[in-house]
């Protein structure tokens, strides 16, 4: 069914006329202080009858007036909003940055009775029922404090522990470097830090008013430091990581490193 016809059916089921929708759009525009939210009768007729595609502000107006989820309307126009996170992983940029979370997260709801957590198994064989965790960042006891970070292809500070192209889960409730006991590199806390002109991720300690990054020894990068809070601020502590093995960008490429030589200082 054409999206314009769907919208007309919704409007008619709600008992709204073109004039009602236009009047409501004027109120929304007045409240938000932007004329782009106005949906005139002629434009609404074009959307319903001539396959005109509404802009983002008018799509918002339709969602508000018709009590619809904007993502649902976008789906009618073949915009797969729920797939933006997966599609985004196909285009890994060079710089480390914060990333928008997925709209939903697929999780196991019920395991096979024969599942033994002590054994290494294929998860697909052990799960009887899958479900979706909507709004992944607002789940459980996180209270919206979790964020996603992306390790840029030019950021090799924590190789091989954090490979370029990895996604990291960040607990933003931890906003300072904690003096914790750790016995190996896997236990040592990793922090995601805003360095004003970008982001970096790695092991940190504070000394004399500076935030000092200690890169992984095998990365061949040298330590870096920034004044805090003027030049650097802790975004949060890394509590999870998703990575891919044996990708082209996971191995040191001399030509690529030369092109991005200003991104990470190397040990001579």
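Residue numbers (the numbering used here): 4 to 271.
Glycine included, C-beta positions come from ideal geometry on N, C-alpha and C.
Exclusion of the five residues before and after residue 19 leaves no residue of its chain whose Cβ lies closer than 6 Å to its Cβ. Closest by C-alpha distance to residue 174, out of 45, 156, 243, is 243.
Of the candidates 199, 198, 219, 150, 219 places its Cα closest to the Cα of residue 164. Within the same chain, and ignoring the five residues on either side of residue 32 in sequence, the residues whose Cβ sits closer than 6 Å to its Cβ are 38, 40, 41. With distances taken between CA atoms, residue 206 lies nearest to 224 out of 113, 224, 199, 212. Residue 217 holds the alpha-carbon nearest to the alpha-carbon of residue 226 among 210, 217, 149, 233. Restricting attention to 197, 189, 168, the CA atom closest to the CA of residue 245 is found in 168.
Taken in chain order, the unbroken stretches of beta strand (DSSP E) that lie wholly in the segment 186-210 and span 3 residues or more are 194-197, 202-210. Non-local beta-carbon contacts of residue 185 in its own chain, meaning distances under 8 Å to residues more than five positions away in sequence, involve 191, 192 in chain order. When secondary structure is reduced to three states using DSSP, residue 21 falls in the helix class.
Residue burial annotation: residue 115 is exposed, with fewer than 16 other C-beta atoms found within 10 angstroms of its C-beta. Residue 194 is positioned such that its CB atom lies no closer than 8 Å to that of residue 99. For residue 21, the closest alpha carbon among the candidates 221, 54, 65 is that of 65. A straight-line Cα-Cα distance of about 11 Å links residue 46 and residue 58. Under the three-state reduction of DSSP, residue 43 is assigned to coil, being neither helix nor strand. By the criterion of a C-beta distance shorter than 7 Å, residue 230 is surrounded in its chain by 212, 213, once the five residues flanking it on both sides are discounted. Secondary structure note for residue 7: its alpha helix (DSSP H) is the uninterrupted segment 6-16.
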